[in-house]
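Peer 1:
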Amino acid sequence: MLLEIITPESKLFTGEITSVKLPGMDGEFEILNNHAPIISTLSKGVIRIIDNDNNTEKFEVNGGVIEMQNNKIIVLVD
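Each residue of the sequence shown is one higher than the last, beginning at -14 in this note's numbering.
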């Protein structure tokens, strides 16, 4: 899957991943390969990424929006 995390100032992350955990408004949720299309709002919390080499990265966010479609995830965050 391709993931892009974008702030108003810059791109925080662009790359291929195996999974991402996100702080949803109703609790944390995870997106894996071939997930159904989704649009959701995010609350304050941590985005956790596992890339194709099994490395983990974390990003603190204050909220945002996510869209997942055709194995491409775009996250717009504050």
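Every residue gets a Cβ at the ideal spot worked out from N, C-alpha and C, and that includes glycine.
1. Ends of the beta strand (DSSP E) at Lys(-4)?
2. Compute the Euclidean distance between the alpha carbons of Val110 and Ile23, then round it to the nearest angstrom.
3. Can you tell which of Met53, Lys6, Thr(-8) and Met10 has the C-alpha that lies nearest to the C-alpha of Leu27?
4. For the putative contact between Val5 and Glu15, defined by C-beta atoms under 8 angstroms, what is the C-beta separation to the nearest angstrom?
5. Have a look at Leu17 and Asn40 and give me their C-alpha separation to the nearest angstrom.
Peer 2: Short version:
1. Lys(-4) to Gly9
2. Summary: the structure shown does not reach residue 110, with the chain confined to residues -14 through 63, and so no result is reported for it.
3. Met10
4. 7 angstroms
5. 15 angstroms
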